[in-house]
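**Q** One structure, pasted below without further comment.
Protein chains: 4
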Amino acid sequence: MENIPNVLATRYASKPMKAVWSAEGRIALERDYWIAVLRAQKDLGLDIPQEAIDAYERVKGTINLDSINEREAITRHDVKARIEEFCDLAGYEHIHKGLTSRDLTENVEQLQIIQALEVVRTKAVAALLKLAERAEQWKDLVITARTHNVPAQPTTFGKRLAMFGEDLLCAVRELDRIIDNYPVRGLKGPVGTQMDLLTLFGGDAEKVAALEERILDHLGVGAALDTVGQVYPRGLDFEVVSVFVRLASGPSSFAKTLRIMAGHELASEGFAKGQVGSSAMPHKMNSRSCERLNGFAVILKGYLTMAGELAGDQWNEGDVSCSVVRRVFLPDSFFAIDGLIDTFLTILNQMEVYPAVIDQENQRYGPFLATTTVLMEAVKAGAGREEAHEAIKEHAVQTVRDLRSGLISANDLVERLAGDARLGLSLEQLSEMMGRAQAMTGLASAQVDKFCATVREESQNFPAAADYTPGAIL
Amino acid sequence: MENIPNVLATRYASKPMKAVWSAEGRIALERDYWIAVLRAQKDLGLDIPQEAIDAYERVKGTINLDSINEREAITRHDVKARIEEFCDLAGYEHIHKGLTSRDLTENVEQLQIIQALEVVRTKAVAALLKLAERAEQWKDLVITARTHNVPAQPTTFGKRLAMFGEDLLCAVRELDRIIDNYPVRGLKGPVGTQMDLLTLFGGDAEKVAALEERILDHLGVGAALDTVGQVYPRGLDFEVVSVFVRLASGPSSFAKTLRIMAGHELASEGFAKGQVGSSAMPHKMNSRSCERLNGFAVILKGYLTMAGELAGDQWNEGDVSCSVVRRVFLPDSFFAIDGLIDTFLTILNQMEVYPAVIDQENQRYGPFLATTTVLMEAVKAGAGREEAHEAIKEHAVQTVRDLRSGLISANDLVERLAGDARLGLSLEQLSEMMGRAQAMTGLASAQVDKFCATVREESQNFPAAADYTPGAIL
Amino acid sequence: MENIPNVLATRYASKPMKAVWSAEGRIALERDYWIAVLRAQKDLGLDIPQEAIDAYERVKGTINLDSINEREAITRHDVKARIEEFCDLAGYEHIHKGLTSRDLTENVEQLQIIQALEVVRTKAVAALLKLAERAEQWKDLVITARTHNVPAQPTTFGKRLAMFGEDLLCAVRELDRIIDNYPVRGLKGPVGTQMDLLTLFGGDAEKVAALEERILDHLGVGAALDTVGQVYPRGLDFEVVSVFVRLASGPSSFAKTLRIMAGHELASEGFAKGQVGSSAMPHKMNSRSCERLNGFAVILKGYLTMAGELAGDQWNEGDVSCSVVRRVFLPDSFFAIDGLIDTFLTILNQMEVYPAVIDQENQRYGPFLATTTVLMEAVKAGAGREEAHEAIKEHAVQTVRDLRSGLISANDLVERLAGDARLGLSLEQLSEMMGRAQAMTGLASAQVDKFCATVREESQNFPAAADYTPGAIL
Amino acid sequence: MENIPNVLATRYASKPMKAVWSAEGRIALERDYWIAVLRAQKDLGLDIPQEAIDAYERVKGTINLDSINEREAITRHDVKARIEEFCDLAGYEHIHKGLTSRDLTENVEQLQIIQALEVVRTKAVAALLKLAERAEQWKDLVITARTHNVPAQPTTFGKRLAMFGEDLLCAVRELDRIIDNYPVRGLKGPVGTQMDLLTLFGGDAEKVAALEERILDHLGVGAALDTVGQVYPRGLDFEVVSVFVRLASGPSSFAKTLRIMAGHELASEGFAKGQVGSSAMPHKMNSRSCERLNGFAVILKGYLTMAGELAGDQWNEGDVSCSVVRRVFLPDSFFAIDGLIDTFLTILNQMEVYPAVIDQENQRYGPFLATTTVLMEAVKAGAGREEAHEAIKEHAVQTVRDLRSGLISANDLVERLAGDARLGLSLEQLSEMMGRAQAMTGLASAQVDKFCATVREESQNFPAAADYTPGAIL
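Residue numbers (the numbering used here), protein chains in the order written: chain X, 64 to 537; chain D, 64 to 537; chain P, 64 to 537; chain Z, 64 to 537.
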């Protein structure tokens, strides 16, 4: 009755992401960490037998959660329980010397964060590449751009995709900077002074520094914080969740826009192979994945609130009022962004556009957008500027009214203008202008090319991205 | 590797709360709901055989999650999978007639919410009763009240507890109002017009209304919404999470204050029976539970952000961009408030105060608080008002400085005042005033009595609260 | 250069709301409060000359902000500056006896809150009445309801409005409950023990209680908190901002939906009298007010975050870390909800619907919704159920595809069905069914009636609402 | 009555910050921007007379808000009003050619953001320098470090300051990266296709690019976005407010810790020159500025919520539902961080520490921290390990109990240990160990040196920071 699973992990997150945050995954990281410390301590002169290290290595893969939980129920101390388990398995008691719990847990959690950030980066770059592919595919497909959700000027569908793509691109660069500059806590002792390690090494500060250096190498990070207390500043966690919200921005705007486009039948998120609409309503193609994507973006903002409240709430050298909060938002925000990007990629893979419906929309609104051209040409052809402007405005407004009142069902502004002697333009001339105006998408296509080139160049640094394909989503 | 549990449920939530939100618990509610609809439909004249109802009743307890999941993997429709499972078990196909999925899921989720709110209410009232008990116990224990975290005037520890208690009391009343006024969606069909049910009953609107009435009885609620669309307004979910944040306010302020008091050794959250401090630092009694309580309060605000973003984001008759968000914040916010209140109760049960240390603090700061009395008495005794005021101020400021600079270790303001001829007061007279001033806690004790009486009276409506005891917490 | 106005107040808030929160408005409330205390103290036996009270009454309208600011620059204490100003004007020094600053400021701020809540309630009820009027007007106007933003079943536009209206109605009831149950801090002294007032009245607790009772009468509230510390629990502020978010839910969903409808030209928010579209794009009717309304809803959630962080963050008897936060979110959240409701009312007043376009949409999607009826009738007419179902599905899916691919521009499903011998139904029969199906809006109209009746009945308690008209908005 | 000022600007923000966000400041930036476009257009071949440019230059400083507001009241279009005003002043109509409103407003707002970010950076670096100075000053002042708010191990006060400083340092680096990578929207036209500019330059895309390049130079930024729509992605605004929350983290933790330390009289934020405590309570030194700093941090999180809701909420090429939100959170979040850092600097300038009280605390808790040393030495001296451990534990626990129960007022653990024959250590030996243990602050001092060196080196890039002094705060 009581086995309640983590819904984000179970329904939406990918295997690699779950692996990072699973109990087993964490214990594996911890044991590797302890062994790395042990090796370094030995190399720096501490009296640690090689057989002990070998023994720990040998048993590190034997992870028995039940046994660890039983120990914790007795000791009421989670780290102590895991130390005892590992030592009993190995038959030695050498790990964790000179360390306090936080020297283990903070660094291992940060390692989880780094590994999970790299999973996110690979997927985000994959999404950029797929967006570039789609933008290129439709870079010349003219659509009616909308501002305030009403028709404004022509653009292309590829340009619209690239627009959301550039938002994501900025976010990916920010993610990249955060990974590059991410510092770990390092080995600092219970209040950050490194006193216990200094004692362990007989007051030799250089050896303390050398040990930390070795552990940074093991973790694969460039820098440790210098003057932390019991914990690393929770502002770092805030940065991480913050960049997830930033990453969600482009895909979320895209998803809302696709939901709106689906409402006009201009495009849809498509169906998974074999999927059909409901039997009662076969015409209904719901934007379920887009909606879910928008839902993930909302979820991320909730976790950001949690992370934000912890930043700046450290009392003295630290306390653990953050503990339960981080148990929730750290894995769960990663599961949410993971699910979000996989959903985004799936939509990009399956989405469909309906050029015929797009063209109907262009036809309906196109003539309105050509009125400035008409004015210019009428003046060229000899009409008075003021009189021509007045004529055009009268017809445009009346055409809108007639369309909305149902008097007409197709936009006949061209015919009306052709029939007005004040302008002196023939139906042929006007029709030619209309064609021109509808095609006037400025530099849309060139912008798409630039976006695609940039994405492809920057993605070179992350070769795994090109091969990434999300698993099937719900 | 991939079985990642819900951390709030697993580590912190109570059995009854988990029961409400477990997959099995939900299925049980759904099946009861379907049967209730069936009975009502039969009573209202639909052709439903009694044997079918009996068959559903007989098998309703047979809940096989694996089988249901296998069905869902094929149909890709969760409600359909659960209908098929139930019908196959019963050997009939009568449930869900005239219903759309939301006629089932919305009402059942709202029933979960109501049941879970009632669990919360019982515990919250239990917390009020325990707070009243503690406030009464210490209603005359004089402590040094603090504003800006520095000593201000005397109060009593009981009054301080009642202060946080009244905050909680206001919140519990609000919770109570929300439960009393909570409306369910009812049976409204896919877009809210009740068209399908109207068809089912051959256009008889009264039967549609009667069916809904019967279902409200089954759910145990007083009212259904009248004009919903596909879903009930998500503002209702917002109200629920909002009242959790409101409920957390008093306990959270209490926990922060106890953490501060523990820092002064005035009080502590105590130890569980058998628990000791760390072997390395036996003096260290950490406020772990208080810290966790504050953590839960942070978590709730994160879920409030999620609920807040859904309120006011309904497009047309509704979409499902809320779905993934509600899967997260609904159960998880309930688990968090559940864990918060149990933690609060545990702290109230185990907390300790240290009267001797409290008295030392009163001694240190007491004399400063008596200076207005001294002034009054000096003037009575014949001193000039201005001169006396100046004398007192000089000594008070110098005493603070000498305490802080370490020149003196105990507050000797009384002696200084006694030695100043400008005041004309003897050491005996001054000492007597000091004693008076320290005891001047105004109506603190009477306020506590009033608080306790109110709590006990209002709690009469929730008799289960008096017996409630939280299970052991981590 | 440095006179930066409050943008929410200046651009969006109404006069009555600004009056509550202006510096002058607050000083006026404070002076009335001081005089009320004075009168009560005199009645309860304190030695206060009637001439002094008369003098304060006489000068209370003379509010000179510059003079007060100059005093504050010297004393660095805002309350002291205002006391001195008032006393100098009156020529007496009798106000504020036995009070601490918070006995003044907390109660006066709560009075501002109460008055401002009442402004909000009047407007919110006015919005309900206007919604009811509009819902009634269009209660039989059939539109195509949408779920997932795609066509689902018919409903009526009035029902859609009532749907958002019921969301608001729930919120207004909650607002009402909050106003009814709102407690003020009362007269409690610097740490809440009422010690100073007890001293002032020579230890007579009944007089202390009587004084507070008199002040509650002056404030027009039913209850004071009993056991507060320096401040009232900030959870009360949270409740207030929380109900604003709740109030915004219905209008915000309405505004998003109207923005979507405007994108389909089904309806628009209309133009203010004399307003026209841009000269360059006369066809463009932007949903500026709806967008702004959604913006206000976002703003409110930001202020809720601020209020939420203060709830549960009280240390001991209180500190002032909340001060700067409340200076921001209290007035500004009121300005935002004030502007939101006025904007909502303006939209309701000016909005337009376009029945012809609505009908075109119904025509396009109607036939799909009639397929269940067709199936039933075909079976009645002798067709095999399975064969008929298959035929209908084939034609429905193909029609969707042809519409999207541009092969057809009007929905010809009826013709296709008529041409399929498997169904055995004539074009006449099928057309008749189509007409029926499109009109099948179930109980939509009756629901609207019920909503209107409820709103009108409940609004009786707030007669000012019926007459309320918002001023012109930007 | 209705002139309600922006409270954050008026009470807390600095002159330079207000200058950026004032109406006049913005108009000045706009006019310079228009002139820069004009010059570039002329250079790129458009027919623009030099006299026109000269005329605009001549009148650009004449800013008459009233006149502009009157124009806006008529046109109901803010940009148009400002264009007309400027043109009328100059006597020419050449500005804004080929531009849409957003080509002006987005870039000018981003310029405001950049300028304001630079103000923030200078101050933040100044705060780091001041923190380094203070950390150095107290780098060897031993204090009792606390975790869970209870004594843990010794550290130094300088190290504690450097700990919060490193949090801020990470944030400043992040701020720096954001400024360095901040892209502006550039000149893109109403839907982002640059169509109008392309037309203006007769289809010459290179001239369009050259114009934009010139404008980037004018704005002083390195990059424009390539494929935006009507607006730049609001995720950029989110990044800005997010880094403010990040910046607030270190100062906020510092302020909470100083409030706690002030409660123990270990340190205080000090008084402004001439300021005294309240006359009634001269001993009371309230942490008002620290509390306010924590308040600013809360405010920033509220604005982050607003910014977060806009990110990912773009429909199509953009709408203006963000407009009212950005009018609030953009200036106001800058005012809040501005006030926060000035408050932080003021506290750093005025804060006081009380070494005598600090020493008393060290004396009280020191002996507990020395017990591991005692054990080691007892064993060396011949005691049995188990027996010695038991003896120490007994005495430590009993000493804590006796301190709390008031049996003793000073920690006499040393005497107790000296009197226990099981340990075989003299009072002299034990006292010597105590002295050693209390001084065991590990590498605290060296860490401070490293922090100071890093801060001073990195601050070289921002020379204005070294000279920055905040104005007097309230």
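Think of the CB as a built atom: it goes at the ideal place given N, C-alpha and C, for glycine as much as any other residue.
1. Determine the extent of the alpha helix (DSSP H) in which Thr436 (chain Z) is found, giving its start and end residues.
2. If you follow the beta strand (DSSP E) that Ala215 (chain P) is part of, which residue opens it and which one closes it?
3. So, with DSSP's three-state summary, where would you put Gly472 (chain Z)?
4. Residues in its own chain within less than 8 Å of Ser350 (chain P) by CB, not counting five upstream and five downstream?
5. What's the gap between the Cα of Lys347 (chain P) and the Cα of Leu470 (chain X)?
6. Closest by CA to Ile116 (chain P), which one among P:Asp95, P:Asp129, P:Asn127, P:Ala136?
7. Could you name the residues of chain P that Ala557 (chain D) contacts, counting a contact when the two beta carbons are closer than 7 Å?
8. Does the beta-carbon of Gln257 (chain D) have 16 or more other beta-carbons within 10 angstroms, so that it is buried, or is it exposed?
9. Can you list, in chain order, the residues of its chain with a C-beta nearer than 6 Å to that of Leu92 (chain X)? Leave out the 5 residues immediately preceding and following it.
10. So Arg427 (chain Z) contacts chain X; which residues on that side make the cut at Cβ distance below 8 Å?
11. So, Val188 (chain Z) versus Phe514 (chain Z), is the Cβ gap smaller than 7 Å?
12. What residue range is occupied by the uninterrupted alpha helix (DSSP H) comprising Ala208 (chain P)?
13. Using the rule of at least 16 other Cβ atoms within 10 Å of the residue's Cβ for burial, across every protein chain shown, is Leu263 (chain P) buried or exposed?
14. According to DSSP, is Gly337 (chain Z) helix, strand or coil?
15. Excluding five sequence neighbours on each side, which residues of the same chain lie with their C-beta closer than 6 Å to the C-beta of Ala507 (chain P)?
16. Which residues, taken in chain order from the stretch 364-392 of chain X, show a beta carbon closer than 8 Å to some beta carbon of chain Z?
17. Give a yes or no on whether 7 Å exceeds the smallest Cβ distance from Ile410 (chain Z) to chain P.
18. Skipping 5 residues on each side, what residues in its chain have a beta carbon closer than 8 Å to that of Leu274 (chain X)?
19. Specify, as a first and last residue, the run of the alpha helix (DSSP H) that Cys515 (chain Z) falls within.
20. In its own chain, which residues sit with a C-beta less than 8 Å from the C-beta of His458 (chain Z), not counting the 5 before and 5 after it?
21. Return the chain-ordered list of same chain residues with a C-beta closer than 6 Å to the C-beta of Glu362 (chain X), the five sequence neighbours on each side being excluded.
22. Is the separation between the beta-carbon of Ile90 (chain X) and that of Ile126 (chain X) shorter than 7 Å?
23. Comparing the C-beta of Glu453 (chain X) with each C-beta of chain A, is any distance below 7 Å?
24. Kindly indicate if chain X contains any beta-carbon less than 7 Å away from that of Asn349 (chain P).
25. What does a CB cutoff of less than 6 Å around Met64 (chain X) pick up in its chain, not counting 5 residues either side in sequence?
26. Measure the C-alpha to C-alpha separation of Gln4 (chain P) and His281 (chain D) and round it to an integer number of angstroms.
27. To the nearest angstrom, report how far apart Ile536 (chain X) and Asp239 (chain X) are at their CA atoms.
28. Does the beta carbon of Glu495 (chain Z) come closer than 7 Å to any beta carbon on chain D?
29. How far does the alpha helix (DSSP H) with Tyr96 (chain Z) in it reach, from first residue to last?
30. Would you identify the three-state DSSP class for Pro112 (chain X), choosing helix, strand or coil?
31. With 16 other CB atoms within 10 Å as the buried threshold, where does Ile137 (chain X) fall?
32. Three or more beta-carbon pairs under 8 Å between the stretch 143-152 of chain P and the stretch 284-300 of chain P, yes or no?
**A** Taking the structure as given:
1. 434-443
2. Where Ala215 (chain P) is concerned, the enclosing beta strand (DSSP E) starts and stops at 213-219.
3. Per the sequence presented here, residue 472 (chain Z) reads as Ser, with Gly not at that position. If DSSP states are grouped into helix, strand and coil, Ser472 (chain Z) belongs with coil.
4. Ala318, Leu321, Arg322, Ala325, Ser331, Glu332
5. 19 Å
6. Comparing Cα-Cα distances from Ile116 (chain P) to each of P:Asp95, P:Asp129, P:Asn127, P:Ala136, the minimum goes to P:Asp95.
7. Nothing can be reported for residue 557 (chain D), as the shown portion of chain D is limited to 64 through 537.
8. Burial call: buried.
9. Apart from the 5 residues on each side of it in sequence, Leu92 (chain X) sits with its Cβ closer than 6 Å to the Cβ of Val171, Leu174 in its chain, given in chain order.
10. Residues of chain X passing the Cβ test: none, with the nearest at roughly 16 Å.
11. no
12. Note, Ala208 (chain P): premise wrong, no alpha helix (DSSP H); beta strand (DSSP E) at 205-210.
13. buried
14. Here the model assigns Gly337 (chain Z) a pLDDT of 48, short of 50, so the residue's position is not dependable, and the following value carries that caveat. Note: Gly337 (chain Z) maps to coil in three-state DSSP.
15. Around Ala507 (chain P): Thr218, Thr219, Lys222.
16. Per Cβ criterion, the list reads Lys364, Leu367, Thr368, Gly371, Glu372, Ala374, Gly375, Asp376, Gln377, Trp378, Asn379, Glu380, Gly381, Asp382, Val383.
17. no
18. So the qualifying residues of the chain are Val100, Ala103, Gln104, Leu107, Leu250, Leu260, Phe264.
19. Element bounds for Cys515 (chain Z): 507-522.
20. Leu476, Arg479, Leu480, Asp483
21. Note on residue identity: the sequence assigns Ile, not Glu, to residue 362 (chain X). In its chain, beyond the 5 residues on either side, Ala399 have a beta carbon closer than 6 Å to the beta carbon of Ile362 (chain X).
22. Their beta carbons are under 7 Å apart, which means Ile90 (chain X) touches Ile126 (chain X) by this criterion.
23. The chain labelled as chain A is not found among the protein chains of the depicted structure, namely X, D, P and Z.
24. With 7 Å as the cut-off, Asn349 (chain P) counts as an interface residue toward chain X.
25. Model confidence at Met64 (chain X) stands at a pLDDT of 44, short of 50, so the residue's coordinates are unreliable; what they give is reported in the following sentence. So no residue of the chain qualifies.
26. Missing from the structure shown is residue 4 (chain P); chain P here goes from 64 to 537 and no further.
27. 26 Å
28. no
29. 86-106
30. coil
31. exposed
32. no
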